[in-house]
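Peer 1: Got a structure for you, written out below as structure tokens; questions coming shortly.
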Amino acid sequence: MYRFAPSPTGDMHIGNLRAAIFNYICSLQDKSGFILRIEDTDTERNIDGKGEEIKKILAIFGIKWDAEYIQSENLKFHRQLASQLLINKKAFACFCTPDELEAKKEAAKACGEAYRYDGTCERLSDSEVLENEKPFVIRMKKPERVMSFTDLIKGELSFEPDAIDSFVIMRADKTPTYNFACAVDDMLEGVTCVIRGEDHTSNTPKQELIREALGYNERISYAHLPIILNEDGKKMSKRDNSSSVKWLLESGFLPEAITNYLVLLGNKTPVEIFTMSEAAQWFDIKNVSRSPARFDIKKLEQINREHIRLANNKRLSEITGFTDETKLSLVRFYTQESSLLTEIIERVNLIYNNEKQFSSEHLANINQIRASIDDMLATGAPKDYDEFKKQLMGATNLKGKSFFIPLRLLLTGSEHGPELSELYPIISKDLKAIIKEKA
Ligand code: GLU
């Protein structure tokens, strides 16, 4: 059983999407199932509507989940299991106030030492705990041994007890921390493999410790994905627009291209261009590189172009809103000009725009060419561009730049663009609609 466990605290980052895609592909491979868990226990950071937005984005990417869980709905289990850990003395109540802890952190810092919880409350007797009426958090007891696990990408990893420390599992307001809620939910939901970002690597021994203390013996395997760096080699942050999945989609990148790119990134793949279901034929998480991958928007653009060209009419209609075959051919054709669907759609719409704006410099020639094409259309315009050009030049008496620039402007609305000889055969049967002026 695989899962994707996003927090509804911000725009979906490509790193999160990458984790979702990898988990989903693996679940398709071994048919073990895939669940979506919205981790909404950090109430202060939750943003209204983000859970729904995440679900919409996953749907856009063709990622389907077999079950959905809302973490906060598991609160009763979190509380019950935290009590069980207290009773079994795997965890302890800690009454240290935030001010006391802060002072100890400062003191450690002043001595140049890393702060660790000093065990004050772990040493309290049962009666000292029971008689204490102050608010308390629950801390896991620091393990007594080195905790190790084998990461599917990074290999064997070990953590000293001090690196794990007596960490908090329940806050004073009786809500679970991320590590506790996540460890418990993965157990209750029967998760068998977790693929997530490498920022969670140090959480894994804590989560394993929690489940071990609860007597859970099923193995969960882990793969931590290297971070994605921006073009300057720094960790991609919210400031990098291209780290936001929503931004990429709004900018005209196709979900299938983004998926392709994220699977390709820092990975060994048998081919460069593929769909998610093709990737499911050969994907192996062990081939993902341990080193950080660098985001390359140019590469993504190239992949985007390929996917626009490869899309069948049905898919292309879905994503462009065009149903007309000529327009769909134009979308594919304009990939030579632009790699972004939004820009391509703009170009195609401009061709058919009957209110194209022309500068006065070209207006007279444009009107002349339009009138001649109109005449030509009475008997049918030639299919062949050379023939069309010859007839039109003859009829207008224009040549060179004073012919070609106005012609291109009339047909495309733009002074620059693809070879007219290549464009003409695609649009020749739509000439009437294209040159029409709005009445
Ligand atoms: N909610 C965590 C996050 O979005 C989940 C991490 C995990 O997959 O365990 O970072």
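Going by my numbering, the letters in the sequence shown line up with residues 1285 to 1723, in that order. Note that CB positions come from ideal geometry on N, CA and C, so glycine has one too.
Check for me: the beta strand (DSSP E) holding Ala1465 runs from which residue to which?
Peer 2: Not the beta strand (DSSP E): Ala1465 falls in the alpha helix (DSSP H), residues 1462–1472.
Peer 1: Can the beta-carbon of Thr1476 be found less than 9 angstroms from the beta-carbon of Arg1495?
Peer 2: No, these two residues do not count as a Cβ contact at 9 angstroms.
Peer 1: Could you work out which residue in Tyr1500, Ser1505, Glu1473 is closest to Thr1488 when comparing CA atoms only?
Peer 2: Closest option to Thr1488, Cα to Cα, is Ser1505.
Peer 1: Less than 8 angstroms between C-beta atoms, sequence neighbours within five positions excluded: which residues of the same chain meet that for Ser1613?
Peer 2: Hits under 8 angstroms: Ile1710.
Peer 1: Tell me whether Pro1539 is buried or exposed, calling it buried when 16 or more other Cβ atoms sit within 10 Å of its Cβ.
Peer 2: The residue is buried, with at least 16 neighbouring Cβ atoms inside 10 Å.
Peer 1: How many angstroms separate the CA atom of Tyr1462 from the CA atom of Ile1569?
Peer 2: Taking the straight line joining both Cα atoms gives about 25 angstroms.
Peer 1: Thinking just about the alpha-carbon of each residue, which of Lys1640, Ser1643, Lys1582 is nearest to the one in Ser1622?
Peer 2: Nearest option by C-alpha distance: Lys1582.
Peer 1: With 9 angstroms as the threshold, decide whether the Cβ of Val1572 is near any Cβ in chain D.
Peer 2: The displayed structure is made up of one protein chain only, and chain D is not part of it.
Peer 1: Are the CB atoms of Tyr1401 and Arg1423 nearer to each other than 9 angstroms?
Peer 2: In this structure, Arg1423 lies closer than 9 angstroms to Tyr1401 by Cβ.
Peer 1: Give the DSSP-derived three-state secondary structure of Ala1717 in the structure shown.
Peer 2: It is helical.
Peer 1: Please tell me whether, using a cut-off of 8 angstroms, the distance from the CB of Pro1510 to the nearest non-hydrogen atom of the ligand GLU is below it.
Peer 2: Pro1510 Cβ: outside cutoff for every heavy atom of the ligand GLU.
Peer 1: Would you mind sorting Ser1643 into buried or exposed? The rule is 16 or more other CB atoms within 10 Å of its CB.
Peer 2: It counts as exposed.
Peer 1: Measuring from the CB of Asp1483, is there a heavy atom of the ligand GLU at a distance below 8 angstroms?
Peer 2: Yes, the Cβ of Asp1483 comes within 8 angstroms of a heavy atom of the ligand GLU.
Peer 1: Under 8 angstroms from any heavy atom of the ligand ATP, does the C-beta of Tyr1462 make it?
Peer 2: Judged by which ligands are present, the ligand ATP is missing from the structure shown, whose ligands are the ligand GLU.
Peer 1: For Leu1509, which residues does DSSP report across the bridge?
Peer 2: For Leu1509, which the question treats as bridged, DSSP gives the partners Gly1481.
Peer 1: Roughly how many whole angstroms lie between the Cα atoms of Leu1498 and Gln1368?
Peer 2: Answer to the nearest angstrom: the Cα atoms are 8 angstroms apart.
Peer 1: Determine the extent of the beta strand (DSSP E) in which Phe1288 is found, giving its start and end residues.
Peer 2: Looking at the DSSP string, the run of the beta strand (DSSP E) that includes Phe1288 is 1286–1288.
Peer 1: Between Ser1712, Gln1491, Ala1465, which has its C-alpha nearest Thr1431's C-alpha?
Peer 2: According to the sequence provided, residue 1431 is Met. The question's Thr does not apply to it. Taking only the C-alpha atoms, the option nearest Met1431 is Gln1491.
Peer 1: Check the DSSP bridge columns for Met1677 and list the partner residues they point to.
Peer 2: DSSP lists no partner for Met1677.
Peer 1: May I ask whether a heavy atom of the ligand GLU can be found less than 8 angstroms away from the beta carbon of Ser1575?
Peer 2: Flag unset: Cβ of Ser1575 not near the ligand GLU.
Peer 1: For His1297, name the three-state secondary structure that DSSP assigns.
Peer 2: Three-state DSSP puts His1297 in a strand.
Peer 1: Would you kindly work out how many angstroms separate the C-alpha atoms of Trp1349 and Ile1319, rounded to a whole number?
Peer 2: Cα-Cα distance, rounded: 5 angstroms.
Peer 1: Please classify Leu1301 as buried or exposed, where buried requires at least 16 other C-beta atoms within 10 Å of its C-beta.
Peer 2: By the neighbour-count rule (16 or more Cβ atoms within 10 Å), Leu1301 is buried.
Peer 1: Tell me where the beta strand (DSSP E) around Thr1434 begins and ends.
Peer 2: Looking at the DSSP string, the run of the beta strand (DSSP E) that includes Thr1434 is 1431–1435.
Peer 1: Taking the alpha helix (DSSP H) that Gly1335 falls in, what are its first and last residues?
Peer 2: Its alpha helix (DSSP H) spans residues 1334–1344.
Peer 1: Hey, quick one: how far does the beta strand (DSSP E) through Met1424 stretch, first residue to last?
Peer 2: First-last of the beta strand (DSSP E) with Met1424: 1421–1424.
Peer 1: In angstroms, rounded to a whole number, what distance separates the CA positions of Glu1556 and Asn1588?
Peer 2: If you take the alpha carbons of Glu1556 and Asn1588, they lie about 12 angstroms apart.
Peer 1: Just checking, does the stretch 1353–1365 make contact with the stretch 1318–1334 on the three C-beta pairs under 8 angstroms criterion?
Peer 2: Output reads yes: the stretch 1318–1334 touches the stretch 1353–1365.
Peer 1: Would you call the CB atoms of Phe1306 and Leu1509 closer than 9 angstroms?
Peer 2: Yes, Cβ-Cβ distance for Phe1306 and Leu1509 is below 9 angstroms.
Peer 1: On a CA-only basis, which of Glu1328, Ile1479, Gly1335 is nearest Cys1310? Give me that one, please.
Peer 2: Answer by Cα proximity: Ile1479.
Peer 1: With distances taken Cα to Cα, identify the nearest neighbour of Asp1470 among Lys1674, Asp1383, Leu1693, Tyr1500.
Peer 2: The candidate whose alpha carbon is nearest that of Asp1470 is Tyr1500.
Peer 1: Regarding Cys1466 and the ligand GLU, is the C-beta to nearest heavy atom distance less than 8 angstroms?
Peer 2: Answer for Cys1466: yes, Cβ within range of the ligand GLU.
Peer 1: Quick check on the burial criterion: 16 or more other C-beta atoms within 10 angstroms. Buried or exposed for Gly1299?
Peer 2: Buried: at least 16 other Cβ atoms inside 10 Å.
Peer 1: Tell me whether Glu1534 is buried or exposed, calling it buried when 16 or more other Cβ atoms sit within 10 Å of its Cβ.
Peer 2: Classification for Glu1534: exposed.
Peer 1: Taking only runs that begin and end inside the stretch 1345–1379, name each unbroken alpha helix (DSSP H) of 4 or more residues, in chain order.
Peer 2: For the stretch 1345–1379, whole alpha helix (DSSP H) runs of length 4 or above, ordered along the chain, are 1359–1371.
Peer 1: Specify the secondary structure class of Ser1486 as computed by DSSP and reduced to three states.
Peer 2: Ser1486 falls in the helix class under three-state DSSP.
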